[in-house]
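Protein chains in written order, with the working numbering: chain A, 189 to 345; chain B, 189 to 345; chain C, 189 to 345; chain D, -15 to 401; chain E, -15 to 401; chain F, -15 to 401.
Data first, discussion second: the structure below is written as C-alpha cells.
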Amino acid sequence: MKPDGLRAQIEALFYEYADAIDEDRIEEWPEFFVEQGVYKIVSRQNFDRGLPLATMLCESKGMMKDRVNAIRNLSMYAPRYFRHLIANVRVKSETAEGIAVQSNYAVMQTLVDGETRVFNAGRCVDQIVREGDFLKFKSRLCIYDTIVIPNSLIYPL
Amino acid sequence: MKPDGLRAQIEALFYEYADAIDEDRIEEWPEFFVEQGVYKIVSRQNFDRGLPLATMLCESKGMMKDRVNAIRNLSMYAPRYFRHLIANVRVKSETAEGIAVQSNYAVMQTLVDGETRVFNAGRCVDQIVREGDFLKFKSRLCIYDTIVIPNSLIYPL
Amino acid sequence: MKPDGLRAQIEALFYEYADAIDEDRIEEWPEFFVEQGVYKIVSRQNFDRGLPLATMLCESKGMMKDRVNAIRNLSMYAPRYFRHLIANVRVKSETAEGIAVQSNYAVMQTLVDGETRVFNAGRCVDQIVREGDFLKFKSRLCIYDTIVIPNSLIYPL
Amino acid sequence: MDVDGRAGSQRRALKQWPAEGVTRVPYWVYTDPEIYELETKRIFEGGSWNYVGLEAELPHPGDFRMSHVGPRPVIACRTNQGAISVLPNRCAHRGVQFCRSGFGNTTEFTCPYHQWTYNLYGKLVGAPFRKGVQGKGGMPPDFAPNEHGLPVLAVARRNGVIFAAFGESPPPIEEYIGPKMLPYFDRVFDGRALRVLGYSKQRIPSNWKLMFENIKDPYHASLLHVFLVTFGLFRADQPSETRMDTTGMHSVLVSSRGEQKGNAATAEMKSFRGDLKLNDSRLLDPVREYPGKATVVMQTLWPNLIVQQQTNTLATRQIVPRGPREFDLAWTFFGYADDTAAMTTRRLRQANLMGPAGFVSIDDSEVMQFSQQGISQDSSGAGFLEMGGRGTGDEDHMVTEAAIRAFYTHYRRVMKL
Amino acid sequence: MDVDGRAGSQRRALKQWPAEGVTRVPYWVYTDPEIYELETKRIFEGGSWNYVGLEAELPHPGDFRMSHVGPRPVIACRTNQGAISVLPNRCAHRGVQFCRSGFGNTTEFTCPYHQWTYNLYGKLVGAPFRKGVQGKGGMPPDFAPNEHGLPVLAVARRNGVIFAAFGESPPPIEEYIGPKMLPYFDRVFDGRALRVLGYSKQRIPSNWKLMFENIKDPYHASLLHVFLVTFGLFRADQPSETRMDTTGMHSVLVSSRGEQKGNAATAEMKSFRGDLKLNDSRLLDPVREYPGKATVVMQTLWPNLIVQQQTNTLATRQIVPRGPREFDLAWTFFGYADDTAAMTTRRLRQANLMGPAGFVSIDDSEVMQFSQQGISQDSSGAGFLEMGGRGTGDEDHMVTEAAIRAFYTHYRRVMKL
Amino acid sequence: MDVDGRAGSQRRALKQWPAEGVTRVPYWVYTDPEIYELETKRIFEGGSWNYVGLEAELPHPGDFRMSHVGPRPVIACRTNQGAISVLPNRCAHRGVQFCRSGFGNTTEFTCPYHQWTYNLYGKLVGAPFRKGVQGKGGMPPDFAPNEHGLPVLAVARRNGVIFAAFGESPPPIEEYIGPKMLPYFDRVFDGRALRVLGYSKQRIPSNWKLMFENIKDPYHASLLHVFLVTFGLFRADQPSETRMDTTGMHSVLVSSRGEQKGNAATAEMKSFRGDLKLNDSRLLDPVREYPGKATVVMQTLWPNLIVQQQTNTLATRQIVPRGPREFDLAWTFFGYADDTAAMTTRRLRQANLMGPAGFVSIDDSEVMQFSQQGISQDSSGAGFLEMGGRGTGDEDHMVTEAAIRAFYTHYRRVMKL
Ligand code: FES
Ligand code: FES
Ligand code: FES
Ligand SMILES: [Fe+3]
Ligand SMILES: [Fe+3]
Ligand SMILES: [Fe+3]
C-alpha cells in the first residue's frame, strides 16, 4: 500500500529498507539506492573530528552488491538477527538536490542462543530522490555513537 | 482524539494496546481484539522452521481473559515494568479480509531494583479489522528474535 | 520543513527537542518550553506512590538555563552520548489548556570507550501549547521505569 | 594480618556438609565456583548419560543438531547407517567451536579456521595443505590423521530418545535408568514415532540443581501453583506417588487429576480458588491417552533431563548449566507422528501451561530466581528438608521432600562431599 | 613452574597494610573479593547499627518496607504494638527471598514456594501440610516451629530513624553514636515527625568506602564542586569544622554559608566563578531552620548511613554494597510533617542539588567512578592522605583528610588489617 | 571431604605446560585469571615497548591522546620541546583516572577531585591548599611535591611511531625490534609524515593472544579468507615468507599478490571461487607503492602491535587486553601526508577490507570468538601446532605455524611457564 504524504513515503522507504536487512533479504538492500548512490557508516568520533574513514563504504550500487556478495558468500560469521528501531524521522528540507532527512536508530542484535542486545545506535543523515514512482537513497550516512563495536559488524545498518 | 488517516489510526491502536500493558491495565488487553481474535507469540526459530509451537497462544478473547486472570490472580512472579517501543509500522495491504500490518518492537523490562534491559525484540504481523468505530486485531502474531528468554515472559508483548 | 497535521507537528517538536540533546546543542533545550514551562523527571515509583520528589525539576525557562549552565560549566562528568528513541506518540486531547500528549521513550547512553546501553526508559506526559508559529512545551513530565539509575543523570531526558 | 589464612580456612569450613546429612543442603553447593567445576567433571562428564535430543529431530542421514552434555556443546548427527553419533563441538586442531547452526544437514563438518574436516563419525577426513603446497610446509611426516579426530561420545538410544556420555561409557541405558524408572520412561516414549512441535528456551538465573529440586518436590506443587491446584491438575489430596530408583538419582512424581472441589486439604492451600472458571475451556480439554489412572508423570533423569507429561502436553526439558548461578532450560515440545490434528491442537493449547510463559512453569522459574537470590545472601546457611520425614524412599503421597533427599544422597556420593 | 606459588605469595604480600599507617590506603581494599567478604562479616554483620529506614515510612501497624543491612536484604515492619521489627528476607525453609514488594502492608509474610508463613516478629505461624495430608507425609513429630522462624535482627530507634544489626546486639544507639556525634544527629532528627518527599537510587560503579571517603573529605568540596564553591554553600574559607567520635567511625563536616566573593582562598580554587548568577533564584532560596550558625552538616554514621542537611534539603543516603566494585546509593529525601507548603516547595527545589542528577552530587558520583577505574588499574598502589597532617583528631577547618584517616583507623581495627 | 585439596592440586596440574613444548598450547593460558595477572606484570609492564600511538596524532605542543600500555590507561603528550611524554592516567593523590578525553590539547592535567595539577612531564605543579587556608590545614611541612608526580613511562620513537614502557627502560627500540624486523617496520614507517585517516575499535570476546596467533598464522589465510584467496591478495601458492626475530617475539608475514586463477593449491582450498567478480572494481584498485615484490606485509611487534600493509590499506592495530577473555582492538588507519587525493580515496576504499566490518577481518574477529568459546569448554585441552613441522625458524612459505611456535617460545621464557 502506497502511503500518502511525503513523510509517510519516506518512512515507508526506511521501514522497507530495514525489513530487507532484518528479514535476511539482504539482496534487496542495494535496490533502495540510486545507481550512483553512496552508503557510509562512520563513527561519531571520526565524524566529529573530521576524519574521513568509514567503517563501511559503498560508492555505488555495484559496491553494495559486492558487499552483499561478501555477506552471502565470502565472509564467515556467526548467525545473528538484526532488528531495526527507526525513530525521530525528521524531513529537513526538499530541494532540487533531493530531500534531506534525519532519523535516529537503534539496531538490536541477537546471536543464536544469546540475549538481545543494543548492538549499535546513532543517527542517519540521508539524501533522498524520486526515481519514477519510487523514493530512493542518493546517499545514506549512518553516524554511530557506539564507538566500541561488539566484535563484528556484518550487515549494513 | 481520533487521528486522521489509516496509518495514524493503526498506530493509535498499537500505542493504546501497548499502553494498556505498560501501565498495568492488562484487563483492557483482550478488548483490542475481536471476539474470535487470535494472539500468538512465537520464536523466530520455530516460525522459520515451520514448527507450530507458540510460547503464548490465545485463540479467542476468552483465552485472553484467562491469560489476564492468570497474570492477575494465579501466577507468582517478581514485579516488573514493561515498556514498548513500537517502530517501523508498515501497512501492507487492505482487503476484505482486513488490513495487513507489520511492525517492529522492542520491549524493555525493568525489574524492581534492577536495570532496564532489552527483554524481547522482534516484529508483529497483524490482521486488523473495523468493528464499528474502532479498529481491532483479528490476529496478532509476535515473532521474537530473542530465542533465549531471560527467565519468564509474564505479560503479552 | 514544516510538517502538516497536528501529530506530525508534535512529533517534529519531540524530535528536534531530542536532537538538541543528542547532538550536544543543549543550549537550545530551554527554548522548546514556554517562559513559565515546567520540566520534571520523576521515578515511576515516586509517581505511583504520590511522592512529590523529582530527580530533576525546572519550574521556569530560567531554571532550565541554570541546568544548562551547570551541564556546560559547573558539573564534572565523563563524556557520553545520549540517543533518544521516541515512540508511541499519542495525542490525548486538545483543549484551551493545550494539547495533551503521551509518548514512550528509551534513551541509549554510550560512554566513551564503552558499550551502548539502555540508560533510561519510560514515558512522557506533556502539555503543549502554540506560541506564535511554534508548538512549545507548557510542561513535560518524564516518568521513568529505570528506578536504579546507572550512576549519574547528566542531561535532561 | 590474617586475611588469607582465615579466609582460606573459613572457605574450607564452609564446605563441610552439615552433620544432619541430606535433610540439610548447604547453600555453598549453589554458589561456589569450585563446586561447579567439580560438578562438570564428576557429574556431567563422569559416566552419566546426558540427554541430547530426539531421533525425530534427525530423520535423514546427515541431519544434525547442536546440543549440550552438561555445559559442553556437542553435535548430534544421524549417520548414513541410520545410527546416531555425538561429537564435541570443538576442533581438534586449535579448539574452534566450529558448528554454528542449531540444525542442519551435512556430509561432514569443516572448521572455518583451517578447514580441518570431520566426517559424521568425528574422523578427520581432510586437512588442507597437510602435504604442503608446492613442496613446502605441511604437517610432519608422522602426522597421523586418526589421532586427530574428534573424541566422539558414547551414545545410547531408547525409543527415540538420544543420550550421550563423555569418557568411559556408562552401563546400558536400560540399566542406567533402572527397572523401577524404565516403565515410566517407556510410558511416554513407547516406541511410537514422535513429532516435534517446537522449542522454547529460558535463561534462568539460578543454580541448575534448583531445577531438579523443583521437579522432585511435589510438596510445593499444591501450594505454589494456583493453576494446578485450582483445576485439580496436581494436588496433594489426589492419589499420588513419589518414586526413586535405587540410587536416588532418578525419580518420578505421579498423580491423577482431581476435581475443583474444596476439602480438608484444600482448606490448607491458600492457593485453592474454588470459584475460578476458564473463559475458554478449550485451554484445558484433557483426553486420556495412557493406560492407568495417572494423568501427570514428571520424571527426572540424572543429570540433565526432565520428561514432562502433564495431561496432553509432552516435553523434554534439558538443563544446560552456565556456571553456578545460571542455567538454560531448553524445552522440546512433542507429540506422536500419528496424532490427529485435533490432538495436535490440544497439545499446542495445553502448551500454554508450560515454557517461559507457562501458567504453571512461570511460578517455578520465578521461584528459582528468588531461591538463588536468598541463598546467595550468605552461603553459610543450609536448606531444611524434613517434609515427609528424613527418609529417601518411595512414598504414596506428595507431602514429602524424599526425592530431593535421595537426589542429594547420590550427589554426595558422586561428588565425594 | 611457579605460577601458583608466586601468585599466592604475591597476593599475600599485596595484603600488607603500608607501614605508613592510615596516611596510606592500599588499593586492594577497594578491589579484593576476599576483603569484601570479610567486610560483610566483620563490618556489616558484625555488631554495627545499620540504617534501614525511617519510622515515617511505616506509619501503620503492618506497614513494611524492604531494605538492606550492608548488602543483605531485610524487611522493616511496624508491628501491631507500634514497635519496629526487622527480618531477614530469606525463608527459613529453603532460602527463598520471599518479599518482593518495596513497600506494603500485611499481617504476615508468606513464602511463595511452600507457603511457610511468618508473623511480623519472624515467628513461623504456618507451614501447610505440616501434619500431612489425609494422614500421609508431613513434618517429623519433633518438628518445632519455634526453631524455624526468621532470625530477627536487633533493632534500635532514635527520633524516627531505624537501625538494625545482625548477630549480637550492639550497645544502645545513643552510646553507639556517642556523645560527640549525637547532638549533630539530633539536630536534624529532633523528634519532630518526618515527611518523606521521595526516593532516588543510583548504582555507582565503585567500592562503597569511596562514598564514605567522599563525605568525610571536606578538602575536595572546595575544589571539585563548582556549584558549592561559587554559591558559597561549602567552601574552605568559611567557618568550618571536621569532627569525629572517639573511635573514628562516625564524623561530621559542619560549615556556614559564605558569600560569592573572591579572596585569597578562592584564588586557589579554579572552580570559583565570581561572575556566575542563577537565572531563577528560587533554586537557592535558603531559609535558616536550625539553631546555630551552621548551614550545612554532613554526618556519616558507620557503617552505611550519610545524613545530609545542606541548606534546606534533607536526606538520608543509605549505602548498599554490591561486591567490591559497585554499590547502590539509596536516597530518602524528607522534610518535617509540620513544614509549610512553601518549605516543602523549597526542599523540592533544592533537591536539584542532590541525587543522581544533583548539581553537586553528580560531581561525586562521577569522581567515584573515576577513582575506582584508576585504583583498579593496579591494586599494588595506595592512596596518599596527608592533607591536614597525619592526625585523626578534630579540626576547625576543611583543609584536611583527618576524618578519612580516622575512618581507616577504625576500619583496620574491625577488619584486623 | 577433599574439595579444596583436589581442586587446588588439579589447578596446579592444569598449569603444567605439555611435555611436547610449543607444538602444544595449553588452553588454560587463554582462560586463567592468574595467568592473565602474571601477563600484565611480566609482559605488558615488564620491560617491553608497547605501542601507544603515532606522532602524527600529536602535531602541536600540548596535544595529547589517551592510550594504553597493555591494559593500563596512559596519556601520550607532545611536550613543548617537541618531545613525547607518556603518563599513567592515574592521580598520585588518591588514584583518580583523571583524563577523560580521547584527544585534546592542554598545558597541564588537573585531577578533578582535589585539583592536583601535573605538567606534561608528569611533575606535580599544583596542589591547592597545600599551605592551608587562612593558616589552617595543608600538607605537612615535609611534603615534597617532587615525590608526588606521576611516574612517567620510558618512551621510544621511531619514524613517527611512539612506544612506551613501564618500569625499567627496555633496550633502544631499534635493538628491541631487532635487525631482522626493523627493515619491515621501516618499510611502512619510512620517515615520511603520516596522515591519520580515522579510527575503529572492536571489543573482541577472546584472549588477546589469539589475535597474535591469528596474524602469525599464514596457514589460515588461504583457507578462512575467501576474499583474500579469491582475489589473490594472500594465498598459499604465492611467493611468501614467514620471518621471526631471534627471540621469536616479533614476526612478519610477507607475500605478493597473485592471480584469480585455479591451480593445484587452490584446488585444496574450498574457499577459492574462480568465477567471482567485483561489481565495482574500484574497491580493489591496487597501486604498488613500496620497493620489492611484496604486496602485503603483516608485522606483529611484541607485546601489543600489529602493523598492517595490505595493498594500499595501512593501519596499526593496538591490542588492549581486558581480562583473559576479552580485548579491544584499536585500529588507526593512516596514509602519508604527501598522498594524492586519489591515493587517499584508494586507501579509504580498501579500508573496506579491514576493521570491524572488513571483508577480510570479519572472518578473523568471528573465528577468534569461536576459538575462545571452544577453548573455554574445558581448559584441560591444548592446541596442536605442527603445521610446517615443529621448528620456530623462518620459512619461505605460508604453510606453517612456526611464527606461533616462536611466539610461545618467547612467551614461556618471559612468563616462566
Ligand atoms: S582450529 Fe579448526 S582447523 Fe584450525
Ligand atoms: S522455601 Fe519458603 S516455604 Fe519452602
Ligand atoms: S585524587 Fe587526584 S587530586 Fe585527589
Ligand atoms: Fe512447580
Ligand atoms: Fe562532594
Ligand atoms: Fe586472518
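Cβ coordinates follow ideal geometry from the N, Cα and C atoms, glycine included.
What residues are listed by DSSP as bridge partners for residue i?
i: VAL306(A); result: MET296(A)
i: ARG48(F); result: The residue asked about is misnamed: residue 48(F) is Phe in this sequence, not Arg. PHE48(F) pairs with CYS61(F) and GLY88(F).
i: SER263(C); result: None, per the DSSP bridge assignment.
i: TYR320(D); result: LEU178(D)
Against residue i, what residues of chain D qualify as contacts under a CB-to-CB distance less than 8 Å, listed in chain order?
i: MET296(A); result: Those do not exist, as MET296(A) stays about 17 Å from chain D at its closest Cβ, beyond 8 Å.
Along chain F, which residues have their Cβ under 8 Å away from the Cβ of residue i?
i: VAL336(A); result: LYS185, GLN186, ARG187 and ASP312
i: ASP254(A); result: LEU262, ASN263, ASP264 and LEU267
Given that residue i touches chain B, what residues does it touch there, using C-beta distances under 8 Å?
i: GLY310(C); result: ARG271
i: PRO191(A); result: ARG195 and VAL279
i: GLU385(D); result: None at all; the shortest Cβ gap to chain B is about 20 Å.
Give me the chain A residues within the contact set of residue i, using Cβ-Cβ distance strictly less than 9 Å, ordered along the chain.
i: GLU303(C); result: ARG305, VAL306, THR334, VAL336 and PRO338
i: TYR203(C); result: ALA275, ASN276, VAL277, ARG278, GLN290, SER291 and ASN292
Please report the residue range of the alpha helix (DSSP H) in which residue i lies.
i: ILE359(F); result: 345 to 360
i: ALA76(F); result: Unbroken run through ALA76(F): none, as it is neither H nor E.
Residues of chain C with a CB under 9 Å from the CB of residue i: which are they?
i: SER85(F); result: PRO267 and VAL300
Mind checking whether the beta-carbon of residue i lies closer than 6 Å to any heavy atom of ligand 7?
i: ASP264(E); result: Judged by which ligands are present, ligand 7 is missing from the structure shown, whose ligands are ligand 1, ligand 2, ligand 3, ligand 4, ligand 5 and ligand 6.
For the putative contact between residue i and residue j, defined by C-beta atoms under 8 Å, what is the C-beta separation to the nearest angstrom?
i: VAL9(D); j: GLY367(D); result: 4 Å
i: THR214(D); j: PHE169(D); result: Actually they do not touch by this definition, with Cβ atoms about 30 Å apart.
i: ALA251(E); j: MET382(E); result: ALA251(E) to MET382(E), Cβ: 16 Å. No contact.
i: PRO154(F); j: TRP33(F); result: 5 Å
Please list, in chain order, the chain B residues whose beta carbon lies closer than 7 Å to that of residue i.
i: PRO96(E); result: MET264
Would you mind reading off the limits of the beta strand (DSSP E) that contains residue i?
i: LEU237(D); result: 235 to 239
i: GLN292(D); result: 289 to 294
i: PRO305(F); result: 297 to 305
i: SER281(C); result: 268 to 283
i: GLN420(F); result: This structure leaves residue 420(F) out entirely; chain F is present only between -15 and 401.
i: GLN118(D); result: No beta strand (DSSP E) contains GLN118(D), which DSSP labels as neither H nor E.
i: ARG309(E); result: First-last for ARG309(E): undefined, no H or E at that position.
So which residues on chain A does residue i lean against when the C-beta distance must stay under 8 Å?
i: ALA206(C); result: ASN276 and ASN292
Going along chain C in order, which residues have a C-beta closer than 8 Å to the C-beta of residue i?
i: VAL210(E); result: ASN261, LEU262, SER263 and MET264
Below 7 Å on C-beta distance, what does residue i contact in chain E?
i: GLU223(C); result: Near GLU223(C) there are no residues of chain E at all, since even the closest Cβ is about 11 Å away, more than 7 Å.
Which residues neighbour ligand 2 when neighbourhood means a C-beta less than 5 Å away from any of its non-hydrogen atoms? List them by chain order. CYS75(E), HIS77(E), ARG78(E), VAL80(E), CYS95(E), TYR97(E), HIS98(E) and TRP100(E)
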